[in-house]
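Everything below concerns the one structure shown next.
Numbering (this note's numbering), first residue to last: 127 to 252.
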């Protein structure tokens with residue numbers, strides 16, 4: 127078994143798509159649109175088959191009107207400590223909020239964490 131994809135609700139679908147393409151090397155498929163449901167989405171893929179789905183419109187709110195429950199975090203492997211450090215610095219220079227500086231965690235991961243343009247926590251691992 128493996129995770130097929132992670133889905134993220136977006137306020138600005140295009141901004142979020144550009145972020146994951148530019149900084150993490152995701153390739154975007156075509157935009158899916160369902161006008162009846164006011165819904166649109168992109169699937170973004172990495173070469174190893176990992177995918178995320180970015181979604182906008184549609185049922186982004188719960189029945190009570192509040193925001194739907196979101197994502198705690200997801201992790202993208204940068205392929206090594208030096209890559210984690212370099213990408214963290216690149217994101218910092220470009221004005222993104224660093225949530226966790228590069229470090230080795232108690233469970234042995236070397237990682238940093240950044241906030242994407244929609245406020246989702248993205249861990250960058252070695």
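By construction, the Cβ of each residue, glycine as well, lies at the ideal position given by its N, Cα and C atoms.
Bear in mind the structure is a predicted one, so any value in this text is a computation, not a measurement.
Rounded to whole angstroms, the Cβ separation of residue 180 and residue 167 is 6 Å, and the two are in contact under 8 Å. In this model, residue 237 and residue 214 are separated by some 9 Å (Cα to Cα). Residue 141 places its beta carbon less than 8 Å from that of residue 243.
By a beta-carbon distance limit of 8 Å, residue 165 does not contact residue 151. Their separation comes to about 26 Å. Per DSSP, reduced to three states, the secondary structure at residue 244 is coil, with no helix or strand assignment. Per the C-alpha coordinates, the member of 234, 153, 239 positioned closest to residue 201 is 239.
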